Amino acid sequence: MPTKVAINGAAGRMGQRLVALGCQDESLELVACFEYSGHPKFGQDAGNIAGVGELGLHLIDHTDEAYDAIIDFSVPEGAHAAVERAVAAKAALVMATTGLEEEHKAKIREAANVIPVVWAPSMSTTVNLTMKLCEIAAEALKDVPGGADVEILERHHRFKEDSPSGTALRFGELIANKMGITRHIHGREGRPGARPHDEIAYHAIRTGDNPGEHTIIFGLLGETMELTVRASNRDCYASGALQAAKFAAGKPPGLYNMNDVLGL
Ligand SMILES: NC(=O)C1=CN([C@@H]2O[C@H](COP(=O)(O)OP(=O)(O)OC[C@H]3O[C@@H](n4cnc5c(N)ncnc54)[C@H](OP(=O)(O)O)[C@@H]3O)[C@@H](O)[C@H]2O)C=CC1
Ligand SMILES: O=C(O)C1=N[C@H](C(=O)O)C[C@H](O)C1
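In this text, residue positions in the sequence shown follow our numbering: the first is 834, and each later residue adds one.
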């Protein structure tokens, strides 16, 4: 039986790729494409919006149709609505939206008591693998003589609303946990003085249509290591999210991440 999937934020950049890839995947069935009722394309066919032709799936804000999983790539308010929809439908939730406030995060954690939730700032295979590599590097370099300075650069398209990216923040969190770092700063200006070792600095670049790029720098005295991971298009995120929906559907309630989905 195919996994029945609903998409929240279906008219967005990511929503459109989920519709386009999802409708070609025989192991799942798209059953609902959600948007808020004031959306300029509300009521239109999601397949036409995604450029794959009419699918008979219109942008709606409620359905009586049952589904096994809902995938959310929207905005914080939309993510909030997706959590409520998932709990009401007793469906799995794949939460991909970034830039969430603490109140939204608390709601997701609470939902994980009653439904399975896959929650990750990046659904990309290579990003999640790079996170593992960074943890290995951070563990190995935490006591290196002279210290290792960690800086995180991210580049995204000009339309991105949150900054730095959720992925950059997760890279920083994982590395900080391994290296015992508690200070996180965002850019530098003026005369901040010599760099302390116990900080991670984030630098967010916004240009053109870049679908996402992260570089993690470990700078030592005398040598530097950089790990870079780069998306060529959004399908790495969309296919990861569809895989996560299939993974989570029918799982016991709880919080899962992409390591669980990808077996990393
Ligand atoms: N975890 C991951 O792998 C990835 C996460 N992301 C994250 O996903 C999110 C979406 O990215 P992207 O697709 O580029 O953004 P878009 O702005 O293109 O898409 C978001 C969509 O959600 C719609 N929306 C707004 N409010 C609601 C609501 N209340 N209910 C349902 N839908 C709503 C928007 O409508 P309108 O345009 O009218 O506001 C828009 O159609 C971002 O937070 C981004 O950081 C992105 C890529 C990968
Ligand atoms: O908004 C985007 O585009 C992306 N957002 C995610 C993030 O904030 O980490 C993931 C990816 O980098 C693309």
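We put the beta carbon where it would ideally sit given N, CA and C, even for glycine.
All figures in this text were calculated on a predicted structure; none of them were measured in a lab.
Cβ-Cβ distance between residue i and residue j below 7 Å
i       : j       : result
Val1062 : Val960  : yes
Asn841  : Phe875  : no
Ile882  : Ala844  : yes
Ala945  : Val916  : no
Ser957  : Cys1069 : yes
Ile1008 : Cys967  : yes
Ala865  : Thr896  : yes
Rounded distance between the beta-carbons of residue j and residue i, thought under 8 Å
i      : j      : result
Leu890 : Leu863 : 6 Å
Ile948 : Lys975 : Going by Cβ atoms, the distance from Ile948 to Lys975 rounds to 37 Å, so no, they are not a contact pair.
Three-state class that DSSP yields for residue i in the structure shown
i       : result
Met956  : coil
Ala914  : helix
Pro873  : coil
Asp778  : Only positions 834 to 1097 of the chain appear in the structure, and residue 778 is not among them; the question remains open.
Lys923  : coil
Tyr1098 : Lying before the first or after the last residue shown, residue 1098 is absent from the chain, which here runs from 834 to 1097.
Phe1051 : strand
Leu861  : strand
Ile834  : Contrary to the premise, residue 834 reads as Met rather than Ile in this sequence. Reduced to three states, the DSSP call for Met834 is coil.
Phe1080 : helix
Ala929  : coil
Ile969  : helix
Ala853  : helix
Val1062 : strand
Leu1088 : strand
Checklist entry - Which residue spans inside the region 974-1041 form an unbroken alpha helix (DSSP H) run of at least 4? => result You should have 999-1012.
Checklist entry - So which residues touch the region around ligand 2, with touch meaning a C-beta under 5 Å from any heavy atom? => result For ligand 2, the selected residues are Thr931, Pro954, Ser955, Lys993, Ser998, Gly999, Thr1000 and Gly1045.
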